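The block underneath contains the structure these notes are about, expressed in structure tokens.
Residue numbers (the numbering used here): -9 to 633.
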């Protein structure tokens, strides 16, 4: 698991009206280290030349220098159109220092209007990153995004490129040569093209997606790290999602996969990524390792250069399958609770458990469904956290108010769903979803004295009150463990966002929640595209408020992630996992009332071990464990604090 943090200096490069050759855009930057400084080669978009190409913005490649990788100065035009094959533009440089020389491969435009036959790869060679010694045409066929590996692989000069980028089917492919001059040879590419299938690396998840080479490959102890562009629905005629992803390939053969990210590291979210010449674009073009930090340079909205960083060891852990699997451990006893056909109130399903630890026992409050789809709350107890020591034969909470008694179809859903229980001062508060089968589901709240709960005096639950607004989809609520600025904070979800509202006391009346101060929102094109909602109640830690939450993908898969919130202002997100730490894998998580679901309403912490209780496929109850300290460390990597 890992987080990605955008630089506070973004955008690190913006167009300059003082220099016409970069007056419209400065983006897709590739960094190179030289003499202790960061040199950034980038695509510079100038205004149209009324004589050469009226109405067409012309690209060249700029060069800027920085002492810290954030503030770039000394901006000059480095590679300009000068050959027949790059007459109409030089785009998207990727520079590699290889065997004593700097090789900058770029997209060369030979004709307007732009078309496949005129989009090829060129190369500019420099000995000092100040002057160009020579330029070479590389491919004679349609291609772009060519990145040279910084060292030979099995004695071969190796590159990765996007072939037939503008005339599908495009290919992400490996090219190898004994001598650099072979890359300038038409005969070499003719022979290579005849074997293109054997040189292809398959990255696409679907045939509608588009993959393009991003940064120059980086060598790590685990393999070659590839940062690349993954564009969802590129050929589908739908809204394209420009994401940045990562993969790890073998040291001795970059066609061999080791692992890849399961979701984008970045998608367009900030104003400088959403608004520009081409809106909603994040496009990776370079990367540098700085200590244990990986800095990813990318183009934003085809207008700006920007930078984001990730703690490299965490990213590699996520890419190596064995290490990724060790982050959260699902119990071998799963499912720890299953429907009981001999118990009418829980004959159909048991699911979505809340949890609280009292006096050394973990109490698991779970939603139980009868065959007519009426939900009640059952109770199980665990001494060791992973097995059930006591299972109560009767529900501890049943529908009592009119707004949760069945009024719709005799077999339609109704009742008390998805309990979240928390201790506030000397009382236990349970927030749950109340549903009568007719009106929209709403958040209800009830409470009980801790002593009465431990004495099993279930008649002491207070009558529930609905606190979420009518006619609004609002679920997944909890109360923060301590007041903030003297007020109680209720976290809830107004579809599709996680929000908060604040109250002077907990004496709620009907429809009390009336504000939605946003905390977390879905991210387009990721595992959390459709909606997000809290899992169990938020946990106070020394580093902030830890929120486990669920998210739903565009394909309806429910998974669990985590975010760290500021203790004084929960709307300030300190860190957010880029990928889920718990996903449906086993048949009892993939097959049930609703397939492909892991859904949690509670967790318990003992020392450094966090027990996350969750429902599998809306049918069974399961548990997973993970290290609290490791999760907090992943959410707050020291190397990202000052970027």
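Note that beta-carbon positions come from the ideal geometry of N, C-alpha and C, so glycine has one too.
Model, not experiment: these values are computed from the prediction.
Range of the contiguous alpha helix (DSSP H) that encloses residue 442: In the chain shown, the residue the question calls residue 442 occupies position 452. Start and end: 440 to 444.
Given 8 angstroms, three or more beta-carbon pairs between the region 275 to 283 and the region 240 to 258: no
Look at residue 117 and residue 624 and say whether their C-beta atoms are less than 8 angstroms apart. To locate residue 117, count along the chain shown from 1; it is residue 127. To locate residue 624, count along the chain shown from 1; it is residue 634. No, the pair does not count as a contact, with Cβ atoms beyond the cut-off.
For residue 41, does the count of other Cβ atoms within 10 angstroms reach 16, so buried, or fall short, so exposed? By one-based count along the chain shown, residue 41 stands at place 51. Result: exposed.
Limits of the alpha helix (DSSP H) - the one that residue 186 falls within: Taking the chain shown and counting its residues from 1, the one referred to as residue 186 is at position 196. Residue 186 -> alpha helix (DSSP H) spans 186 to 189.
Let me know if residue 61 comes out buried or exposed under the rule of 16 or more other beta-carbons within 10 Å of its beta-carbon. Taking the chain shown and counting its residues from 1, one reaches residue 61 at position 71. Residue 61 should be labelled exposed.
For the pair the region 67 to 82 and the region 49 to 57, tell me if three or more CB-CB distances fall below 8 angstroms. yes
Taking 8 angstroms as the cut-off, decide whether the C-beta atoms of residue 136 and residue 123 are in contact. If you number the chain shown from 1, residue 136 lands on position 146. If you number the chain shown from 1, residue 123 lands on position 133. Cβ atoms of residue 136 and residue 123: not closer than 8 angstroms.
Do you know how far the Cα of residue 167 is from the Cα of residue 147? In the chain shown, the residue the question calls residue 147 occupies position 157. In the chain shown, the residue the question calls residue 167 occupies position 177. Those two C-alpha atoms are separated by around 5 angstroms.
For residue 499, count the other beta carbons within 10 Å of its own beta carbon; 16 or more makes it buried, fewer makes it exposed. Which is it? Numbered from 1 along the chain shown, position 509 holds the residue referred to as residue 499. Looking at its Cβ environment, which holds fewer than 16 other Cβ atoms inside 10 Å, residue 499 is exposed.
Any idea what DSSP makes of residue 308, helix, strand or coil? Here residue 308 refers to the residue found at position 318 when the chain shown is read from its first residue. Note: residue 308 maps to helix in three-state DSSP.
Tell me whether the beta-carbon of residue 464 lies closer than 8 angstroms to the beta-carbon of residue 432. Numbered from 1 along the chain shown, position 474 holds the residue referred to as residue 464. Numbered from 1 along the chain shown, position 442 holds the residue referred to as residue 432. Yes. Within cutoff.
Pull up the DSSP beta-bridge partners for residue 165, would you. As a first step, residue 165 must be located in the chain shown, where it is residue number 175. In the DSSP output, where bridge partners are listed per residue, residue 165 has 149.
Identify the continuous alpha helix (DSSP H) that holds residue 578 and give its terminal residues. The residue labelled residue 578 in the question sits at position 588 within the chain shown. Counting along the chain, the alpha helix (DSSP H) containing residue 578 begins and ends at 577 to 580.
Excluding sequence positions up to five away, which residues of its chain have a Cβ less than 6 angstroms from the Cβ of residue 471? Position 481 of the chain shown, counted from the first residue, corresponds to residue 471. Once the five neighbours on either side are set aside, the close Cβ partners of residue 471 are 530.
According to the Cβ coordinates, are residue 601 and residue 352 closer than 8 angstroms? Numbered from its first residue, the chain shown carries residue 601 at position 611. Numbered from its first residue, the chain shown carries residue 352 at position 362. For residue 601 and residue 352, yes; Cβs fall inside 8 angstroms.
Beta-carbon separation of residue 554 and residue 572 under 8 angstroms? Locating residue 554 in the chain shown gives position 564, counting from the first residue. Locating residue 572 in the chain shown gives position 582, counting from the first residue. Going by C-beta atoms, residue 554 is not nearer than 8 angstroms to residue 572.
Name the residue from 248, 196, 285 and 178 whose alpha carbon lies nearest to the alpha carbon of residue 211. Reading the chain shown from its first residue, position 221 is the one you call residue 211. Closest option to residue 211, Cα to Cα, is 248.
Cα-Cα separation, residue 473 to residue 494: Residue 473 sits at position 483 when you count from the first residue of the chain shown. Residue 494 sits at position 504 when you count from the first residue of the chain shown. Spanning the two alpha carbons is a distance of roughly 9 angstroms.
Beta carbon of residue 30, beta carbon of residue 7: below 8 angstroms? Start at 1 with the first residue of the chain shown, and residue 30 comes out as number 40. Start at 1 with the first residue of the chain shown, and residue 7 comes out as number 17. Cβ distance not < 8 angstroms, so residue 30 and residue 7 don't count as in contact.
Considering residue 119, what are the terminal residues of the alpha helix (DSSP H) in which it resides? Taking the chain shown and counting its residues from 1, one reaches residue 119 at position 129. No alpha helix (DSSP H) holds residue 119; DSSP gives it neither H nor E.
Under 8 angstroms by Cβ, that's how I've got residue 339 and residue 608 pegged, so tell me the actual separation to the nearest angstrom. As a position in the chain shown, residue 339 is number 349, starting the count at 1. As a position in the chain shown, residue 608 is number 618, starting the count at 1. Between residue 608 and residue 339 the Cβ distance is about 6 angstroms, and since that is below 8 angstroms, they are a contact.
Among residues of its own chain, excluding the 5 on either side of residue 492, which ones have a beta-carbon nearer than 6 angstroms to its beta-carbon? Numbered from its first residue, the chain shown carries residue 492 at position 502. Excluding positions up to five away in sequence, the list reads 477 and 479.
Residue range of the unbroken beta strand (DSSP E) whose run includes residue 409: As a first step, residue 409 is located in the chain shown; it is residue number 419 there, counting from the start. First-last of the beta strand (DSSP E) with residue 409: 404 to 414.
My assumption, with CB atoms under 8 angstroms, is that residue 215 sits in contact with residue -6. Please give the rounded CB distance. Taking the first residue of the chain shown as 1, we reach residue 215 at position 225. Taking the first residue of the chain shown as 1, we reach residue -6 at position 4. Actually they do not touch by this definition, with Cβ atoms about 14 angstroms apart.
Please classify residue 50: does DSSP put it in a helix, a strand, or coil? As a working mapping, residue 50 is identified with position 60 in the chain shown. In the structure shown, residue 50 sits in a strand (DSSP, three-state: E or B).
Would you give the residue range spanned by the beta strand (DSSP E) that residue 341 belongs to? As a working mapping, residue 341 is identified with position 351 in the chain shown. 339 to 348 is the extent of the beta strand (DSSP E) around residue 341.
Considering only C-alpha positions, which residue in the set 513, 517, 519 and 523 is nearest to residue 490? Here residue 490 corresponds to residue number 500 of the chain shown, with the count starting at 1. Selected option, being the one with the closest Cα: 523.
Among -2, 455 and 408, which one has its Cα closest to the Cα of residue 366? Locating residue 366 in the chain shown gives position 376, where the first residue counts as 1. Here the closest residue by C-alpha is 408.
Helix or strand or just coil, what does DSSP make of residue 301? To locate residue 301, count along the chain shown from 1; it is residue 311. DSSP places residue 301 in strand when its eight states are reduced to three.
Runs of alpha helix (DSSP H) wholly within the region 512 to 595 (minimum 4 residues, chain order): 577 to 580
Inter-residue Cα distance where the pair is residue 197 and residue 127: Looking up residue 197 in the chain shown gives position 207. Looking up residue 127 in the chain shown gives position 137. Using only the alpha carbons, I get a separation of about 30 angstroms.
Excluding five sequence neighbours on each side, which residues of the same chain lie with their C-beta closer than 7 angstroms to the C-beta of residue 516? The count along the chain shown starts at 1 and reaches residue 516 at position 526. These residues qualify, in order along the chain: 253, 254 and 257.
Per DSSP, cross-strand counterpart(s) of residue 617: Taking the first residue of the chain shown as 1, we reach residue 617 at position 627. DSSP output for residue 617 lists 599 as bridge partner(s).
Which one or two residues does DSSP pair with residue 425 in a beta bridge? Walking along the chain shown from the start, residue 425 turns up at place 435. Looking at the DSSP assignment, residue 425 forms a beta bridge with 405.
Excluding the five sequence neighbours on either side, which residues of its own chain have a C-beta within less than 6 angstroms of the C-beta of residue 156, listed in chain order? For the purposes of this step, residue 156 is identified with residue 166 of the chain shown, where counting begins at 1. 106, 109 and 132, listed in sequence order.
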